[in-house]
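Numbering (my numbering), first residue to last: 316 to 428.
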């Protein structure tokens, strides 16, 4: 048995703590080259924006949601790159708009067992 920590578990716990915390937040959205709309919620942590929730909506309507309870799956993962508005070409998104999309997507997302 290894004494090394499980990196994925550690990362999920960090994201959960940041998500539940009170640090400043920012929201943004962008359209990827493949037509997927990506929405992000990030928390300020150690001098960078750490993405804690990420929602992808493909042109065919398929929805992907990543957060501390689902850091990765066969299709992708919660980005582990610091959010950079300018480099990512993000458009402004309000908290209300982000959570309207996040909450609505919960109704249509594929159940995880």
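For every residue, glycine included, the Cβ atom is placed at its ideal position computed from N, Cα and C. Computed from a predicted model, the values in this text were never measured in an experiment.
DSSP-derived helix/strand/coil call for residue i
i, result
"residue 322", "helix"
"residue 390", "coil"
"residue 408", "coil"
"residue 361", "coil"
"residue 352", "strand"
"residue 415", "helix"
"residue 338", "coil"
"residue 382", "strand"
"residue 400", "helix"
"residue 373", "coil"
Cβ-Cβ separation, residue j to residue i (assumed contact under 8 angstroms), whole Å
i, j, result
"residue 358", "residue 340", "6 angstroms"
Residue environment, residue i, which counts as buried when at least 16 other CB atoms sit within 10 Å
i, result
"residue 381", "buried"
Separation of residue j from residue i, as counted between CA atoms
i, j, result
"residue 394", "residue 375", "22 angstroms"
"residue 407", "residue 413", "10 angstroms"
"residue 323", "residue 392", "11 angstroms"
"residue 379", "residue 416", "12 angstroms"
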